[in-house]
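Undergrad: From first to last, the protein sequence lines stand for chains A and B. Residue numbers for the first sequence follow the numbering used here, so the first one is 1 and each next one is one higher. Residue numbers for the second sequence follow the numbering used here, so the first one is 1 and each next one is one higher. For each residue, glycine too, the CB sits at the ideal point set by N, CA and C. Note that the structure is predicted; figures quoted are calculated from it, not measured.
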Amino acid sequence: MSAEVAYKKIFGYPKSLKDVPTHYCPGCGHSIAHRLVAEALDEMNLREMTIGVPPVGCAVMAYNYFNFDMVEAPHGRALAVATGIKRVHPGKLVLTYQGDGDLAAIGTAETIHAGNRGERISTIFINNAIYGMTGGQMAPTTVLGQNATTTPGGRDKRRHGNPIDISRMLAVSDGVVYVERCALTSIKQIQKAKKAIKKSFQVQLDDLGYSLVELLSPCPTNWKMSPKEAWKWVNEAMVKTYPLGVIKDTTGYEDKK
Amino acid sequence: MPSEKMLMNGSHVVGEAAVRAGCRYYFGYPITPQNELPEYLSARMPEVGGTFIQGESEIASINMVIGASVAGARVMTSSSSPGVSLKQEGISYMAGMELPGVIINMMRGGPGLGNIAPSAADYFQATRGGAHGDYRTPVLAPAGCQELADLTSVAFELADKYRTPVMLLGDGLMGQVMEPVVFPDFIDVEALPKKDWILEGCKGREPRALFSMLLQDGALYKHNLELQEKFDRITANEIRWETKTQDSDDMIIVAYGTAARIAESAIEELKDENLHVGLFRPITLWPYPMAALRELAARVSKVAVFELCLGQMVEDVILSVGDRAEIHFYGLPGGKIPTPTDVADFIRSASRGDGKIGRRIEV
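(1) For aspartate 272 of chain B, which option in B/Gln88, B/Tyr93, B/Ala344 and B/Leu148 has the closest C-alpha, if you only look at C-alpha atoms?
(2) Going along the chain, which residues of its own chain have a beta-carbon closer than 8 Å to the beta-carbon of arginine 324 of chain B, five neighbours each way excluded?
(3) Can you grab the Cα-Cα spacing for the pair aspartate 156 of chain A / serine 226 of chain A, in whole Å?
(4) Look at the alpha carbon of valine 154 of chain B and the alpha carbon of glycine 96 of chain B, and state the distance between them as a whole number of angstroms.
(5) What does a CB cutoff of less than 8 Å around methionine 251 of chain B pick up in its chain, not counting 5 residues either side in sequence?
(6) Does the segment 204-219 of chain A come close enough to the segment 167-178 of chain A to have 3 or more Cβ pairs within less than 8 Å?
(7) Quick check on the DSSP output: the beta strand (DSSP E) that includes tyrosine 210 of chain A runs from which residue to which?
(8) Alpha carbon to alpha carbon, how far is alanine 193 of chain A from lysine 257 of chain A? Give it in angstroms, no decimals.
(9) Where does tryptophan 197 of chain B fall in DSSP's three states?
(10) Does any C-beta atom of chain A lie closer than 8 Å to the C-beta of proline 207 of chain B?
(11) For asparagine 128 of chain A, return the contacting residues in chain B, with the cut-off set at a CB-CB distance below 8 Å.
(12) Taking glycine 145 of chain A as part of the alpha helix (DSSP H), name the residues at either end of that continuous run.
(13) Given a limit of 8 Å on CB to CB distance, which residues of the segment 59-76 of chain A reach chain B?
(14) Counting only beta-carbon atoms, is isoleucine 124 of chain A nearer than 8 Å to chain B?
(15) Answer yes or no: does any C-beta atom of chain B fall closer than 8 Å to that of threonine 22 of chain A?
(16) What are the residues in the segment 77-90 of chain A lying within 7 Å of chain B by C-beta distance?
(17) Suppose the cutoff is 6 Å on Cβ atoms and the five residues either side in sequence are ignored; what does the same chain contact list for cysteine 23 of chain B look like?
(18) Less than 8 Å between CB atoms is the rule here; does asparagine 63 of chain B satisfy it with respect to chain A?
(19) List the residues of chain A whose Cβ lies closer than 8 Å to the Cβ of tyrosine 25 of chain B, in chain order.
(20) How should glutamine 312 of chain B be labelled, buried or exposed, when 16 other C-beta atoms within 10 angstroms of its C-beta is the threshold for buried?
(21) Give me the residue from B/Asn105, B/Met64 and B/Val84 with the minimum Cα distance to valine 88 of chain A.
(22) According to the neighbour-count rule (16 or more other Cβ atoms, all chains shown, within 10 Å of its Cβ), is threonine 339 of chain B buried or exposed?
(23) Let me see if you follow: with CB-CB separation under 8 Å, is methionine 44 of chain A close to chain B or not?
(24) Ends of the beta strand (DSSP E) at arginine 44 of chain B?
(25) Buried or exposed: histidine 132 of chain B, going by 16 or more other Cβ atoms within 10 Å of its Cβ?
(26) Please specify which runs of the beta strand (DSSP E), each continuous and at least 3 residues long, are wholly inside the segment 108-140 of chain B, giving them in chain order.
(27) Here's the rule: buried if 16 or more other CB atoms are within 10 angstroms of the residue's CB, otherwise exposed. What is methionine 1 of chain A?
(28) Checking contacts by CB at 8 Å: is lysine 257 of chain A closer than that to chain B?
(29) In the structure shown, what three-state DSSP assignment does leucine 168 of chain B receive?
(30) Counting along the chain, where does the beta strand (DSSP E) carrying valine 20 of chain A start and finish?
(31) Verify the CB distance criterion: does lysine 92 of chain A have a CB-CB separation below 8 Å to chain B?
(32) Chain A beta carbons: is any one of them nearer than 8 Å to that of valine 70 of chain B?
(33) At 7 Å on the CB atoms, spell out the chain A contacts of alanine 73 of chain B, in chain order.
(34) Should threonine 96 of chain A be flagged as near chain B, meaning a C-beta pair shorter than 8 Å?
(35) How close, in whole Å, do the beta carbons of asparagine 128 of chain A and cysteine 219 of chain A come, if the pair is a contact with beta carbons under 8 Å?
(36) Determine the burial state of asparagine 237 of chain B: buried for a count of at least 16 other Cβ atoms within 10 Å of its Cβ, exposed for fewer.
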């Protein structure tokens, strides 16, 4: 009996992910998020018709890890670049994978307007409440009281402004049909996140409008926590500012809760 | 078949010429004095199955251009000076990722918001790269509606041929003037050569990634040398200019775009004055027709430069001419347009060498 017959492969690298080491820190949420996107594309058989746009930030080199067509965008402009791609290839799946600085600070205008135009694009939004790549400065999503290298003593409403909830801002627009916030810090939430990502792709395939999945993501390095503490901080502290769940769903799908 | 002769506004001419050159995607943000161009294309694109998007900003628009370009399409954006400044970051990325695309700049007075009058104050920005990084962008300078049509086609061809952003540099007057024009025939978009670097999903091939960030040791060094090799090829093959000279000329006036049209009228005014003035009109501003100008300068005693600004192209004239001839400069800032008589007075003054109008450039 050959090994192939005796053993069934039940776990391995998704085809949509290259079998290479990443540069992400231990405990970082990006690795989980990458894998969820890749598994979703594989399971929906979309890899060969997908074009992705990564952010500027920690995931800037996502094209080294994802195994499908990708193009770099200037900081914050992923959704404008994606708009150009999607208008040329309306039959392809176009996704952006963006962090909080890219999507909710420098790229706020591009984000809001792509959503408002109802661009048939899926956005995976990684919210880790910090600027990772540049070394821990305040993000637009940094929560009140949180320490960043540019909010010594903690983020203060008056001095630094409030954390921005861009997912809820997007939900106001008619062009945005589906927004869900999940976390990457519990098995249950990770499974929910994957389901949400697949739904977002389906929304695009069904030509319904713009959709976004926000993923609360741990950054142990810049939060100066252990991975375990970082998971706990997401689940107990960060969710108070960013409550989990479906923020908007006008898809009409049966599964909607 | 070429079109019938039509009387059209310069901005509309660019729009129609772009469509005929196979452009099916336009992204732009309104700014005076070029709004007639997006307005024209908002109606025209749907007629040819194309896409028009009024972006939320110039920044978004140039990044939509990046997206459509990477997806393989012929694509264009347009703006005027302050808006083109906003597009510069995107143009640098296009240069870095070697993405074709056409950018129209109908220049207005600056700096800052300036005014909305015709100007040529963006010459440095257009010809010296414009944004960060070691790159150049081919720049075409039309001097009338027929050339707006012809050079728009050339811009798309150069962009695809060299995988580079190409700028068409006009001004508020070029964008507003009405002149007769004959358009070239529509090209067959489907018949354009298939680009082997674009993104359209990786079915049947390995995935592709396009990016300008090159962190590996030596990678950016190599990339820049390869880009330079391309810029050298463009310089060797794509320089364009026009001369209206005679062997008896003793002075050459150098001007481009609207300024060249005024200069031509000035030369006409002077035709009975025995001044022997010819015209040298650069059509590509980068690469600049240095060798041609140098050769011409060696045959005359004076080179007179006229620009709609306080002197930017004159630096390329100095680089070309050196001390082969006396160089004189005349130009007005802030959208003030000299009349042909003003320019004729400058030529007379340069001829006398009295420095009354314009100034002598000491090299």
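TA: On the basis of the data shown:
(1) Selection B/Gln88, B/Tyr93, B/Ala344 and B/Leu148 evaluated against aspartate 272 of chain B yields B/Ala344 as nearest (Cα-Cα).
(2) Arg294, Ala297 and Ala298
(3) 25 Å
(4) 22 Å
(5) Leu275, His276, Val277, Gly278, Val300, Ser301, Lys302, Val303, Ala304, Ile347, Ala350 and Ser351, listed in sequence order.
(6) yes
(7) Looking at the DSSP string, the run of the beta strand (DSSP E) that includes tyrosine 210 of chain A is 210-216.
(8) At lysine 257 of chain A the pLDDT is 47, less than 50, meaning the model places this residue with poor confidence and gives no usable figure here.
(9) In the displayed model, tryptophan 197 of chain B falls within coil according to three-state DSSP, outside both helix and strand.
(10) Yes, its Cβ sits closer than 8 Å to a Cβ of chain A.
(11) Result: empty, since nearest Cβ-Cβ is about 21 Å, beyond 8 Å.
(12) Premise fails: glycine 145 of chain A is in no alpha helix (DSSP H) and is neither H nor E.
(13) Val60, Met61, Tyr63, Asn64, Phe66, Asn67, Phe68, Asp69, Met70, Val71, Glu72, Ala73 and Pro74
(14) no
(15) no
(16) When C-beta distances to chain B are compared with 7 Å, the residues of the segment 77-90 of chain A below that value are Arg77, Ala80, Val81, Ala82, Thr83, Gly84, Ile85, Arg87, Val88 and His89, in chain order.
(17) Arg74 and Met76
(18) yes
(19) Gly84, Arg87 and Val88
(20) buried
(21) Selected option, being the one with the closest Cα: B/Met64.
(22) exposed
(23) no
(24) Where arginine 44 of chain B is concerned, there is no enclosing beta strand (DSSP E), although the alpha helix (DSSP H) it sits in stretches over 36-47.
(25) exposed
(26) none
(27) exposed
(28) At lysine 257 of chain A the pLDDT is 47, less than 50, meaning the model places this residue with poor confidence; the figure from the coordinates comes in the next sentence. Chain B, which has no Cβ nearer than 8 Å to the Cβ of lysine 257 of chain A, makes this no.
(29) strand
(30) Valine 20 of chain A -> no beta strand (DSSP E), and no H or E assigned at all.
(31) yes
(32) Yes, contact with chain A.
(33) Val88
(34) By this cut-off, threonine 96 of chain A is not an interface position.
(35) 4 Å
(36) exposed
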